[in-house]
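Protein chains: 2
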Amino acid sequence: MMDIRMTSQRRLLASVLNESNDHPDVETIYQRCKAKDESTSIASIYRSLSLFEDTGLIEKLDMGDGKARFEIKRTDHDHLLDVETGQIHEFKSQELQRLIKEIADEMGFDLTEHRLEIYGRKQGRTACRCYEIKIY
Amino acid sequence: MMDIRMTSQRRLLASVLNESNDHPDVETIYQRCKAKDESTSIASIYRSLSLFEDTGLIEKLDMGDGKARFEIKRTDHDHLLDVETGQIHEFKSQELQRLIKEIADEMGFDLTEHRLEIYGRKQGRTACRCYEIKIY
DNA sequence: ATTAATAGTGATAATCATTCTCATTAAAAA
DNA sequence: TTTTTAATGAGAATGATTATCACTATTAAT
Chain U
7 MMDIRMTSQR
17 RLLASVLNES
27 NDHPDVETIY
37 QRCKAKDEST
47 SIASIYRSLS
57 LFEDTGLIEK
67 LDMGDGKARF
77 EIKRTDHDHL
87 LDVETGQIHE
97 FKSQELQRLI
107 KEIADEMGFD
117 LTEHRLEIYG
127 RKQGRTACRC
137 YEIKIY
Chain Z
7 MMDIRMTSQR
17 RLLASVLNES
27 NDHPDVETIY
37 QRCKAKDEST
47 SIASIYRSLS
57 LFEDTGLIEK
67 LDMGDGKARF
77 EIKRTDHDHL
87 LDVETGQIHE
97 FKSQELQRLI
107 KEIADEMGFD
117 LTEHRLEIYG
127 RKQGRTACRC
137 YEIKIY
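From first to last, the protein sequence lines stand for chains U and Z.
According to the working numbering, the first sequence is numbered sequentially starting from 7.
According to the working numbering, the second sequence is numbered sequentially starting from 7.
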């Protein structure tokens, strides 16, 4: 039954995450910490991010590129990704929150968390698909 | 303006995906193809999965472990993950589908697709967190 | 306070999923 | 057919993440 220790590195990481209003990837988080403490190690960043995630302090986002992005966990909003620009937009929907909890409940589960990303294209623009494929 | 060719390998991959009612990862898909054609290369599996995804034939799922999972795209259902067992449950919700489209629309976007995973614990069980952490 | 016990760190090697390279093969077009 | 060029298989390369390990710092016990 090991216990968790509060260290200067974790305090720094927490403050960096707290000051970040975007959705930084690990490398970016690492650079921001390093700017405040040159001795910061990326290994510790990974370890502490993982720890913070386990404790529910932060949330890991997957935006399709191969790298994890993080933000302080706010269960009250989700994300919409502009497929053209890659820009991330946040949105809140009580109705959605309620519905998701309801669905979990109907299936006999207590909702732990959810992960929703909506992908969309700015209205007015048209998709340009350069090829077509038919199977069979 | 390159065009796409239908090859025996892609036909095989498509049939394997079609016969899969679970959510196999790349390694599993590779093994299933290999069982039918020993000469199957994992590089081609990756290439063709990526192609199929681009064309909208299949859907990539991210279940939190570091590996991508795939299934034939059915826009009519989403997934609930049992955090205790790792088991994936599918569910359908018209209301959810409608709401997501509505949200995108309200934000000025045409919905391209969405990705939703609900995480839950079977009702009745209690979470066992082995530690507690306080920041500040 | 001092010490003892042990969790955390920095540096870097190891891992592992995915992507790239390139010579060869096979579709589709001419 | 022959030509063109996309796709393949094999394996190397990449890049994000994880593991290792000697050392340091935090917490608990004295």
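Glycine included, each C-beta is placed from N, C-alpha and C at the ideal position.
Residues within the region 111-135 of chain U neighbouring chain Z, beta-carbon criterion of under 7 Å: Residues Met113, Gly114, Phe115, Asp116, Leu117, Thr118, Glu119, His120, Arg121, Leu122, Glu123, Ile124, Tyr125, Gly126, Arg127, Lys128, Gln129.
Three or more C-beta pairs below 8 Å linking the region 18-33 of chain U and the region 41-56 of chain U: Yes, they touch.
Alpha carbon of isoleucine 64 (chain Z) to alpha carbon of serine 99 (chain Z), nearest angstrom: Computed Cα separation, rounded: 20 Å.
Spatial neighbours of valine 59 (chain Z) in its chain, beta-carbon cut-off 6 Å, leaving aside the 5 residues before and after: Per the sequence presented here, residue 59 (chain Z) reads as glutamate, with valine not at that position. For glutamate 59 (chain Z), where only same-chain residues beyond five positions count, the Cβ hits under 6 Å are Lys66.
Closer than 7 Å to chain U by CB, leucine 105 (chain Z): In terms of beta-carbon proximity, leucine 105 (chain Z) lines the interface with chain U, with at least one pair separated by less than 7 Å.
Residue environment, glutamate 138 (chain Z), which counts as buried when at least 16 other CB atoms sit within 10 Å: At glutamate 138 (chain Z) the pLDDT is 33, less than 50, meaning the model places this residue with poor confidence and gives no usable figure here.
Short CB-CB distance (under 7 Å) between valine 89 (chain Z) and chain U: Valine 89 (chain Z) belongs to the set of residues whose beta carbon lies under 7 Å from a beta carbon in chain U.
Phenylalanine 115 (chain Z) versus glutamine 37 (chain Z) - alpha carbon distance: A straight-line Cα-Cα distance of about 39 Å links phenylalanine 115 (chain Z) and glutamine 37 (chain Z).
Top-ranked residue by Cα proximity to arginine 4 (chain U), from U:Lys73, U:Ser26, U:Glu119: For chain U, the structure presents residues 7 to 142; residue 4 (chain U) sits outside this window and is missing.
Inter-residue Cα distance where the pair is aspartate 88 (chain U) and glutamate 108 (chain Z): About 16 Å.
Threonine 5 (chain Z) - containing alpha helix (DSSP H), residue span: Nothing in the structure corresponds to residue 5 (chain Z), since chain Z is present only between 7 and 142.
Cβ shell of phenylalanine 97 (chain U) (< 7 Å), same chain only, five flanking positions each side left out: Within the same chain, phenylalanine 97 (chain U) has close Cβ partners His83, Asp84, Leu86.
Inter-residue spacing [alpha-carbon to alpha-carbon] between valine 32 (chain Z) and glycine 72 (chain Z): C-alpha separation (whole angstroms): 11 Å.
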